[in-house]
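Structure record follows, encoded as structure tokens.
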Amino acid sequence: MDSLFDSAQNGESREERLAELSRQVSVCTKCDLAMSRTNTVFGTGDPHSPLMLIGEGPGENEDATGLPFVGRAGKLLDDILKAVDLTRNDVYITNVVKCRAAVEEGGRMKNRPPKTGEIKACNPYLQGQKEAIKPEIILCLGGPAAKTVIDKDFRITKDRGKWYDVDGVKAMATFNRAYVLRQSGDDLQQTKRLVWKDVQAVYAEYQKAMEGRG
Ligand code: SF4
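Residue numbering for the sequence shown follows the numbering used here, starting at 199 and increasing by one per position.
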């Protein structure tokens, strides 16, 4: 995995470094998720954006297409971004693990959270993406992403919506789609309000970062 970091010093562009990382991911067999995946899901968006969004891992639709945040998860993400006048092309989107974690239940494969060992095995790719993109702001979508990126003891219900310094990068976490969709009635409305509040705070920092770039 040293090659990830060597390449950072060889004068390659961000796009070239990400393309090389993506190539490495596409043939990766470092954890058991390689055996059940259809496609690896690397990441997408603007590698020069100040804002990086990090989710938990690919689901069924992402595994089928090789693209992050498609299907219902994608719709929620698009709605969130649209609410603050952003599109996928304005940010860089990826996941903590690049292959789908799933378990067989009732004759079909259902998504499951990635295990600690799988997250650890995949982490050098996420680190490589962060080193290539050099985001100024990171928004983690859900507890597993926050535990990986911000703090291993992160508690999403208590710690979301706050800013953390992660190696000089401003990082925040909000609820992911699965959490939001598990809520109902007043809890659903309240959870949506909290996500909205978090995204507004992230957008304010995004605007500051863009103004800083002139
Ligand atoms: S999840 Fe990551 S470490 Fe595991 S096989 Fe896929 S790319 Fe490799």
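Note that beta-carbon positions come from the ideal geometry of N, C-alpha and C, so glycine has one too.
Per DSSP, what are the beta-bridge partners of residue i in this structure?
i      : result
Tyr290 : Gly243 and Met250
Ile335 : Leu249 and Lys368
Asp396 : DSSP output for Asp396 lists no bridge partner at all.
Asp363 : Lys368
Arg306 : Glu303
Would a C-beta distance cut-off of 7 Å place residue i and residue j closer than the cut-off?
i      : j      : result
Ala371 : Ala344 : yes
Val397 : Val223 : no
Ile252 : Val378 : no
Gly267 : Leu275 : With the sequence shown as reference, residue 267 is identified as Phe, and Gly is not the correct amino acid for it. Yes. Within cutoff.
Arg212 : Pro245 : yes
Arg306 : Pro256 : no
Gly241 : Gln327 : yes
Gly243 : Arg286 : yes
Asn237 : Gly264 : yes
Identify, in the order they occur along the chain, each residue of the same chain with its Cβ nearer than 7 Å to the Cβ of residue i, setting aside the five sequence neighbours on each side.
i      : result
Val403 : The displayed chain sequence assigns Glu, not Val, to residue 403. Here the set comprises Ile335 and Lys368.
Arg235 : Asp261, Cys297 and Arg298
Hey, residue i and residue j are a contact pair by Cβ (cut 8 Å); roughly how many whole angstroms apart?
i      : j      : result
Arg215 : Ala319 : Between Ala319 and Arg215 the Cβ distance is about 20 Å, and since that is not below 8 Å, they are no contact.
Val239 : Glu254 : In fact, because the Cβ distance is near 11 Å, the residues do not count as touching under 8 Å.
Ala271 : Arg375 : 5 Å
Val295 : Leu231 : 7 Å
Leu337 : Val400 : 5 Å
Gly359 : Lys395 : 6 Å
Short of 6 Å in beta carbon distance, which residues of its chain neighbour residue i, apart from the five on each side in sequence? Order them along the chain.
i      : result
Val393 : Thr372 and Phe373
Met199 : For Met199, the predicted structure reports a pLDDT of 44, less than 50, and the residue's modelled location is therefore unreliable. The matter cannot be settled from this model.
Cys229 : Glu316 and Ala319
Pro312 : Gly255, Val295 and Ala299
Could you name the residues of the same chain whose beta carbon sits closer than 8 Å to that of residue i, not counting the 5 residues immediately before and after it, in chain order?
i      : result
Thr389 : Phe373, Tyr377, Val378 and Gln381
Lys308 : Ala300, Val301 and Glu302
Pro333 : Ser247, Pro248, Leu249, Met250, Tyr290 and Val367
Arg415 : It is not possible to answer for residue 415, since the shown part of the chain is limited to 199 through 412.
Gly383 : none
Asp349 : Asp357 and Tyr362
Asp351 : Lys345
Please output, in chain order, the residues near ligand 1 using a CB cut-off of less than 5 Å to any non-hydrogen atom of the ligand. Val223, Cys226, Lys228, Cys229, Leu231, Ala232, Val295, Lys296, Cys297, Ala319 and Cys320
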